[in-house]
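Chemist:
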Amino acid sequence: MIDFSPQLSQITAIRHGFGSKSVLLPECLQPYQASQANKKQVHGTTIIDVTEPGQQCGEADGLYTAQPGILLTVLTADCLPIIFSQRQGKGIAVVHAGWRGLLDGIVLRMIERISRDDEPANWVAAIGPAARPCCYQVNEELVERFIDELPMARNIITPRFRHLNLAAIAEDQLRRAGISLIDQVGSCTICTTTATEAGTQAQFKYTSFRRTCQQQAINPHHPGIKGRNQYSGLIILP
Numbered sequence: 006m007i008d009f010s011p012q013l014s015q016i017t018a019i020r021h022g023f024g025s026k027s028v029l030l031p032e033c034l035q036p037y038q039a040s041q042a043n044k045k046q047v048h049g050t051t052i053i054d055v056t057e058p059g060q061q062c063g064e065a066d067g068l069y070t071a072q073p074g075i076l077l078t079v080l081t082a083d084c085l086p087i088i089f090s091q092r093q094g095k096g097i098a099v100v101h102a103g104w105r106g107l108l109d110g111i112v113l114r115m116i117e118r119i120s121r122d123d124e125p126a127n128w129v130a131a132i133g134p135a136a137r138p139c140c141y142q143v144n145e146e147l148v149e150r151f152i153d154e155l156p157m158a159r160n161i162i163t164p165r166f167r168h169l170n171l172a173a174i175a176e177d178q179l180r181r182a183g184i185s186l187i188d189q190v191g192s193c194t195i196c197t198t199t200a201t202e203a204g205t206q207a208q209f210k211y212t213s214f215r216r217t218c219q220q221q222a223i224n225p226h227h228p229g230i231k232g233r234n235q236y237s238g239l240i241i242l243p
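The letter at position 150 of the sequence shown is residue 155 when you use the working numbering, and the numbering goes up by one with no holes.
1. Closest by CA to Pro225, which one among Thr217, Val143, Gly232?
2. Measuring only the C-alpha atoms, how far is Thr198 from Ala135?
3. Using only alpha-carbon positions, find the residue among Ile75, Ser25, Pro164 that is nearest to Val190.
4. Which one of Gln15, Pro125, Asp83 has the shortest CA to CA distance from His48?
5. Could you tell me the distance, in whole angstroms, from the CA atom of Gln46 to the CA atom of Gly59?
6. Taking DSSP as the reference, what is the three-state secondary structure of Arg165?
7. Between which two residues does the alpha helix (DSSP H) holding Ser14 run?
8. According to DSSP, Leu68 sits in a beta bridge with which residue or residues?
9. Under 6 Å Cβ to Cβ from Pro138, same chain only, skipping five residues before and after it: list those, please.
10. Short of 8 Å in beta carbon distance, which residues of its chain neighbour Pro11, apart from the five on each side in sequence? Order them along the chain.
11. Classify Leu13: buried if its beta carbon has 16 or more other beta carbons within 10 angstroms, exposed otherwise.
12. In angstroms, rounded to a whole number, what distance separates the CA positions of Val99 and Asn43?
13. Taking contact to mean 3 or more Cβ pairs, one atom from each stretch, closer than 8 Å, check whether the stretch 120 to 128 and the stretch 140 to 153 are in contact.
14. Please classify Ser213 as buried or exposed, where buried requires at least 16 other C-beta atoms within 10 Å of its C-beta.
15. List, from N- to C-terminal side, the beta strand (DSSP E) runs of 3 residues or more that fit wholly inside the stretch 10 to 44.
16. Thinking just about the alpha-carbon of each residue, which of Arg150, Gln93, Arg92, Leu76 is nearest to the one in Asp109?
17. Could you check if Ser40 is buried or exposed, using at least 16 other CB atoms within 10 Å of its CB as the buried criterion?
18. Can you give me the start and stop residues for the alpha helix (DSSP H) that Ser120 sits inside?
19. Taking DSSP's pairing of strands, which residues face Pro73 in a bridge?
20. Pick out whichever of Ser192, Thr51, Ala158, Cys33 has its Cα sitting closest to the Cα of Arg105.
21. Does the distance from the CB of Gln178 to the CB of Leu113 come in under 8 Å?
22. Got a sec? Which residues, its chain only, sit under 6 Å from Met6 by beta carbon, not counting five neighbours each side?
23. Are the Cβ atoms of Ile240 and Leu68 separated by less than 8 Å?
24. Can you confirm whether Leu76, when its beta carbon is compared against all beta carbons of chain C, has any partner nearer than 8 Å?
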């Protein structure tokens, strides 16, 4: 049930993974959970340097470290998890990017932080499971904001009427900023189901805020997602 980036999997100095509804924190990262840097995600653009295991980072939607043995993660339930590694595993980073973060420039903020230590061209990025344009419908005003504020083609931003393609927007921003090795990993958090045996009901693969809200509108007793978001992350091996 865990998703992996082919590009990041080639970097032997790190471990990484994108969680799912059944395995919130990828198994390969579970042994390092005690070292995890902690933060409160607020859909902002703050990037924090992490220098010690278990660091309390406050409000932040991006983390960066060059220190081995520190697990960096983001929690998502439709927003984009983006994880980064220097090609030899000498530095890593994570970003939580919803539509607000993309508009406000969190991806570019992270590239600016990477650029203080290295050329972005020496880094790899992987964009994980999130709401895809098949399901991510928004109002026309938000679509027009993206088109007016971002320097990219309309069909990249919105391949379907009133649907945003967050992953394509993030990939375009990454490429413009100098990172060319990019994987898109996993699938739509809203509609993707897992394979099941014949005669059994399909189960959703990922936690989804939007799907949960839709289900709660039908059944007010349907459980929320608090404590059930999936983790995406990576660590430079100690």
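We put the beta carbon where it would ideally sit given N, CA and C, even for glycine. This structure is a prediction, so every number in the text was calculated from the model and none was measured.
Modeler: Result, derived from the coordinates:
1. Indexing the sequence shown from 1 puts residue 225 at position 220. Checked all of Thr217, Val143, Gly232; the closest Cα to Pro225 is Thr217.
2. Position 193 of the sequence shown, counting from 1, holds the residue named residue 198. Position 130 of the sequence shown, counting from 1, holds the residue named residue 135. About 13 Å.
3. Working through the sequence shown from its first residue, we reach residue 190 at position 185. With distances taken between Cα atoms, Val190 lies closest to Ser25.
4. On the sequence shown, position 43 is the one that residue 48 refers to. The shortest C-alpha separation from His48 is found at Asp83.
5. Counting from one through the sequence shown, the residue named residue 46 turns up at place 41. Counting from one through the sequence shown, the residue named residue 59 turns up at place 54. Straight-line spacing of the CA atoms in Gln46 and Gly59 works out to 16 Å.
6. For this step, residue 165 is matched to residue 160 along the sequence shown. Note: Arg165 maps to strand in three-state DSSP.
7. Counting from one through the sequence shown, the residue named residue 14 turns up at place 9. Ser14: member of the alpha helix (DSSP H) spanning 11 to 14, first to last residue.
8. For the purposes of this step, residue 68 is identified with residue 63 of the sequence shown, where counting begins at 1. Residue pairing by DSSP puts Leu68 in a beta bridge opposite Ile53, Val99.
9. As a first step, residue 138 is located in the sequence shown; it is residue number 133 there, counting from the start. Only Pro164, Arg165, His168, Asn170 meet the Cβ criterion.
10. For this step, residue 11 is matched to residue 6 along the sequence shown. The residues are Asp188.
11. For the purposes of this step, residue 13 is taken as residue 8 along the sequence shown, with counting starting at 1. Under this definition Leu13 is a buried residue.
12. Residue mapping note: residue 99 aligns to position 94 of the sequence shown, counting from 1. Residue mapping note: residue 43 aligns to position 38 of the sequence shown, counting from 1. When rounded, the distance between both Cα atoms is 12 Å.
13. Taking a cut-off of 8 Å on C-beta distances, the stretch 120 to 128 does not touch the stretch 140 to 153, as fewer than three cross pairs fall below it.
14. Working through the sequence shown from its first residue, we reach residue 213 at position 208. Result: buried.
15. With a minimum length of 3 residues, the continuous beta strand (DSSP E) runs that stay inside the stretch 10 to 44 are 19 to 23.
16. By 1-based counting over the sequence shown, the position of residue 109 is 104. Of the listed residues, the one whose Cα sits closest to Asp109 is Arg150.
17. The sequence position of residue 40 within the sequence shown is 35, counting from 1. Within 10 angstroms of the beta-carbon of Ser40 lie 16 or more other beta-carbons, which makes it buried.
18. Walking along the sequence shown from the start, residue 120 turns up at place 115. Start and end: 111 to 120.
19. In the sequence shown, residue 73 corresponds to position 68, counting from 1. DSSP lists no bridge partner for Pro73.
20. Locating residue 105 in the sequence shown gives position 100, where the first residue counts as 1. Comparing Cα positions, the closest option is Thr51.
21. To locate residue 178, count along the sequence shown from 1; it is residue 173. To locate residue 113, count along the sequence shown from 1; it is residue 108. Using a Cβ distance threshold of 8 Å, Gln178 and Leu113 count as a contacting pair.
22. Taking the first residue of the sequence shown as position 1, residue 6 is located at position 1. Excluding positions up to five away in sequence, the list reads Ser25, Ser27, Val28.
23. Locating residue 240 in the sequence shown gives position 235, where the first residue counts as 1. Locating residue 68 in the sequence shown gives position 63, where the first residue counts as 1. Against a cut-off of 8 Å, the Cβ pair of Leu68 and Ile240 comes out as no contact.
24. Absent from the structure: chain C. Only one protein chain is present.
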